[in-house]
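Have a look at the structure below, then the notes.
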DNA sequence: ATTCTTACA
DNA sequence: TGTAAGTA
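Numbering (full-length UniProt numbering), first residue to last: 1 to 134.
Now the structure itself:
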């Protein structure tokens with residue numbers, strides 16, 4: 001199938017599908033016309049790519065992990081022994097990112113709390129007092 | 001009508 | 001990523 005059909009069947013933009021190829025996530029064949037020719041299995045592959053992206057993995061990691069994943073119809077299953085190690089490392093990276101965000105929120109909370117107890121309101125910047133547009 | 005590449009916002 | 005341009 002050509003890119004238009006794959007885009008329609010997966011709900012992913014043609015732009016994104018070409019980007020996935022650039023990132024080595026998909027390797028469609030080429031016709032003499034230059035048109036990309038995708039295999040039936042690519043429909044499932046694209047869905048798996050979306051799943052992995054949603055898991056916070058980079059396209060680089062997905063590229064090296066995708067060939068080691070088996071798809072039993074509904075779930076992705078690691079097929080290589082060293083795969084779980086790589087995934088665990090990414091999990092640790094997410095944990096660190098989450099901790100950083102929690103720390104950032106705590107700082108904002110402290111500043112916001114300080115503002116609530118403040119009596120004087122030297123709000124001179126109109127950008128800070130304007131009502132939210134929406 | 002579709003797709004392709006390149007490039008800019 | 002979206003989109004426009006200029007093709008094949």
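The beta-carbon is built from N, C-alpha and C at its ideal position, and this holds for glycine as well. Being a predicted model, the structure only gives us computed values, none of them experimental.
Whole-angstrom Cβ separation of residue i and residue j, contact assumed at under 8 Å?
| i | j | result |
| --- | --- | --- |
| residue 2 | residue 40 | Actually they are not in contact, since the Cβ atoms of residue 2 and residue 40 sit about 13 Å apart, beyond 8 Å. |
| residue 79 | residue 69 | 6 Å |
| residue 42 | residue 26 | 6 Å |
Taking all protein chains shown into account, do 16 or more other C-beta atoms lie within 10 angstroms of the C-beta of residue i, making it buried, or fewer, making it exposed?
| i | result |
| --- | --- |
| residue 28 | buried |
| residue 34 | exposed |
| residue 110 | exposed |
| residue 92 | exposed |
| residue 7 | buried |
| residue 46 | buried |
| residue 60 | exposed |
| residue 117 | exposed |
| residue 85 | exposed |
| residue 10 | buried |
Specify, as a first and last residue, the run of the alpha helix (DSSP H) that residue i falls within.
| i | result |
| --- | --- |
| residue 94 | 83 to 117 |
| residue 42 | 41 to 54 |
| residue 76 | Segment 76 to 78 is the beta strand (DSSP E) holding residue 76; no alpha helix (DSSP H) there. |
| residue 38 | Taken as a continuous stretch (DSSP letters only), residue 38 belongs to no alpha helix (DSSP H), as it is neither H nor E. |
| residue 17 | 14 to 22 |
| residue 6 | 3 to 10 |
If you check the beta carbons only, do residue i and residue j fall under 8 Å apart?
| i | j | result |
| --- | --- | --- |
| residue 44 | residue 74 | no |
| residue 51 | residue 17 | no |
| residue 65 | residue 83 | yes |
Just tell me which of the options has its CA closest to the CA of residue i.
| i | options | result |
| --- | --- | --- |
| residue 24 | 85, 49, 10 and 113 | 49 |
| residue 63 | 106, 88, 21 and 5 | 21 |
Which two residues bound the contiguous beta strand (DSSP E) that contains residue i?
| i | result |
| --- | --- |
| residue 71 | 69 to 71 |
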